[in-house]
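Undergrad:
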DNA sequence: TTGAAAGCGGTACCAA
DNA sequence: TTGGTACCGCTTTCAA
């Protein structure tokens, strides 16, 4: 069956069908094989210079672009690294990290794809990702159970890496020690003499992945001491912060770990508006070490987070891809350091 | 050539090759066609209940996941909407917008994919995207010239939408009126009696896409008046802000449009540290209407940006896909409103 | 140096 | 109700 080249439409700009390598071959007067050889610069086969030129010329003229799906179907594998689009509002920290990682993976000739449609159920998500047959998957541990890892591996993913506080069976783990953040912050407050410590837990959904372990770390830090930890739910709104500040006196707290710098700014402002002295009446510490903390007065104490360099992580992915049989590795990827400023 | 099913490795867990629909068919004792019918719930074909059960059972047992590339190769089209990963550090505004859009497109059964490897040259980028044969592409106008649009369309993209201040030939345009932001902010300062207006231009690369039109808008706002606009390059560092603040007196300015709220916070802090009164000595206005502006003292004036609802934009994409022949539409997608607070 | 042809994994037409 | 089969676009072996 011959494909109809151009539906006879005298006046409308003929909606050319997408050119294939066969079209290029036809126009150049060679076979499809030759086209493939030329365009992929196959080393093992020598093509004469005039032929090469003709093929390139034809490809350019037709605006030929190879079909990635067909290629990887034939090849039996792709170079796609899949990451789900984060479900939480990514801060500057994570954004920069992601950018670096993508760049580094690009250098290793991987194509990074962020898959952006959240599935309701965890295993469905894994199946949806698996349909794309990525060579590697890097996902939050919270989005991927052991079943999900299995689905991906059975569909040919040579490396599955999870990012989160706990490892997932069968996958390489990048352990983000969020507990350490809460522990460090709280221990710092304790060391500064505080004993009644509030811990902000954002009301916004999606953040519990971070806030839960941070809270757990805080609790852990005061275990066996005379200090107490009080949970302070807080929505990221001025009103809610004002409400919390208004009943501050009745809470009997002398310090607060405010989840991160942004929530810290919100709460600190509300406390100051209530006439409280920071750190006199209440010590405040945030986390993430954002610029804004340095700009506040008093300057905001915080927990600085050291994310792994994109290059290193890209190299890890590459190694994992090359050796799919290797036992899952575990890497700590969150260096947490308390930065003491003026607010605590 | 028969594929070797299981490399003889007596002790290691046999690395099964990826199951295909043929494997499912074999196990269920039916043909590949039947498998396809059952798993896709093809309406036109009735399959007996026992057979359906056997097929589903076999698929489950093998952990079968269909191969998206093979499917879309056969179908001749995909439901993939491709967006390049933004090259600038996406703020909370853009992040939320993106999330909404992805969700809305997901509801329309599109798969959103963020392509995350920047190509050096613009047309190369378009070609790289075109290899994936997305049904629609949504990209910053700065990443996509008319040639790029053409490449995409010739490779079967049914809709190409650009996001930026200027339309791109052949593509639907979502016009982000960044000029309007600068114009609004500057006109506001002018209306408040200011005549020597500084405009911050971030030193960080990648932001010029926004800063250039914002500056142009500022210039436009004072055209034909007795006011002047002075460009103030500023890196997002305390030091650089301090430097700028130190020579503030010599600049003879009485107001500044600080690019956005974050740069405004940085600069305002530096000016205050220099002992200047805001807005007495210098009026300050930011943009983006972030939470932090409301928390500053004095409260930061800003320009509120109204991004289009994800639902509406998703609907627009869907319409464009359904009618690829339609002439390019243009939509203004940035409602800019000055929010007057205390800093100006 | 070039061409013919098989086959990657699905889908859908046609026949049984 | 089910099976056989052609075909989507590309790569690669084998022959010429």
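Protein chains in written order, with the UniProt record's numbering: chain A, 1 to 344; chain B, 1 to 344. Every residue, glycine too, gets a C-beta built ideally from N, C-alpha and C.
For residue 333/B, which residues of its own chain have a beta-carbon under 7 Å away from its beta-carbon, when the five flanking residues on both sides are left out?
TA: 174, 175, 176, 307 and 308
Undergrad: Would you report the Cα separation of residue 340/A and residue 42/A, rounded to the nearest angstrom?
TA: 59 Å
Undergrad: Decide yes or no for the touch test of the stretch 242-259 of chain A against the stretch 270-287 of chain A: beta carbon pairs closer than 8 Å, at least 3 of them.
TA: The stretch 242-259 of chain A makes contact with the stretch 270-287 of chain A: 3 or more CB pairs, one atom from each, lie closer than 8 Å.
Undergrad: Can you check which of these residues, 253/B, 203/B and 255/B, is closest to residue 234/B by C-alpha distance?
TA: 203/B
Undergrad: For residue 21/B, which of helix, strand or coil comes out of DSSP?
TA: Here residue 21/B carries a helix assignment [DSSP, helix/strand/coil].
Undergrad: Chain B partners of residue 43/A, CB-CB under 8 Å?
TA: Chain B residues near residue 43/A: none, gap ~22 Å exceeds 8 Å.
Undergrad: Anything in chain A within Cβ reach of residue 115/B, meaning under 7 Å, just list it in chain order.
TA: Within chain A, the residues near residue 115/B are 113.
Undergrad: Tell me whether residue 196/B sits in a helix, a strand or coil according to DSSP, three-state version.
TA: strand
Undergrad: For residue 248/A, would you say it is in contact with chain B, using Cβ-to-Cβ distances shorter than 9 Å as the test?
TA: no
Undergrad: Between residue 199/A and residue 227/A, is the Cβ-Cβ spacing less than 9 Å?
TA: no
Undergrad: In or out: residue 288/B buried (at least 16 other Cβ within 10 Å) or exposed?
TA: buried
Undergrad: Are residue 220/B and residue 193/B close, meaning C-beta to C-beta below 9 Å?
TA: no
Undergrad: So for residue 130/B, helix, strand or coil by DSSP?
TA: helix
Undergrad: So does the stretch 20-31 of chain B actually touch the stretch 43-56 of chain B, counting three or more Cβ pairs closer than 8 Å?
TA: Verdict: yes, contact present.
Undergrad: If you run the structure through DSSP and keep just helix, strand and coil, what is residue 74/B?
TA: helix
Undergrad: Taking the alpha carbon of residue 249/A as the point to measure from, which residue in 282/A, 142/A and 75/A has its own alpha carbon closest?
TA: 282/A
Undergrad: Do residue 134/A and residue 170/A come within 9 Å of each other at the CB atom, strictly closer than that value?
TA: no
Undergrad: Determine, using beta carbons only, whether residue 302/A comes closer than 9 Å to chain B.
TA: no
Undergrad: Taking residue 263/B as the reference, which of 286/A, 291/A, 258/A and 263/A has the closest Cα?
TA: 291/A
Undergrad: Using a C-beta cutoff of 9 Å, does residue 102/B count as contacting chain A?
TA: Output row for residue 102/B: interface = yes.
Undergrad: Shortest alpha-carbon distance to residue 336/B belongs to which of 343/B, 28/B, 318/B and 302/B?
TA: 302/B
Undergrad: For residue 162/B, count the other beta carbons within 10 Å of its own beta carbon; 16 or more makes it buried, fewer makes it exposed. Which is it?
TA: buried
Undergrad: Out of 40/A, 241/A, 139/A and 239/A, which has the shortest C-alpha to C-alpha gap to residue 59/A?
TA: 40/A
Undergrad: Name the DSSP bridge partner or partners of residue 114/A?
TA: 83/A and 114/B
Undergrad: Can you tell me whether residue 185/A is helix, strand or coil according to DSSP?
TA: helix
Undergrad: Per DSSP, what are the beta-bridge partners of residue 301/B in this structure?
TA: BP columns for residue 301/B point to 285/B.
Undergrad: Could you list the residues in the stretch 282-296 of chain B with a C-beta less than 8 Å from some C-beta on chain A, going in chain order?
TA: Residues 291, 292, 294 and 295.
Undergrad: Taking only beta-carbon atoms, is residue 63/B less than 9 Å away from chain A?
TA: yes
Undergrad: In this structure, what does DSSP give as the bridge partners for residue 346/B?
TA: Not covered by the structure: residue 346/B. The range shown for chain B is 1 to 344.
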